[in-house]
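**Student:** Numbering (numbering that gives the first Met the number 0), first residue to last: 0 to 54. Ideal placement from N, C-alpha and C gives every residue a C-beta, glycine not left out.
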Amino acid sequence: MKEWDNLAKKNNLAFVFEGVENVDTQILLQKMGIIYQQGWFFGKPREDMIEAQKC
0 MKEWDNLAKK
10 NNLAFVFEGV
20 ENVDTQILLQ
30 KMGIIYQQGW
40 FFGKPREDMI
50 EAQKC
């Protein structure tokens with residue numbers, strides 16, 4: 000994970016960590032300096048988006 004973060008910084012890109020499912024993971028990543036996070040912890044998929052993916 001640290002290698003991806005270093006690569007993003009080297010190329011002036013944002014590193015977004017996917018798969019945050021609970022507050023413990025969110026806090027751990029934040030302590031590691033990874034501020035851009037996404038996953039189930041922040042919000043479940045909307046029903047209309049799930050239906051759209053089935054088409």
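1) Among W3, D4, F40 and E2, which residue has its Cα nearest to the Cα of D23?
2) If I follow the unbroken beta strand (DSSP E) through V15, where does it start and stop?
3) Would you call I34 buried or exposed, if buried means 16 or more other Cβ atoms sit within 10 Å of its Cβ?
4) Please state whether the Cβ-Cβ distance between Q29 and V15 is less than 8 Å.
5) Quick check: the Cα distance between E17 and K1, rounded to an integer number of angstroms?
**Tutor:** Concretely, from the data shown:
1) F40
2) V15 to E17
3) exposed
4) no
5) Whole-angstrom Cα-Cα distance: 14 Å.
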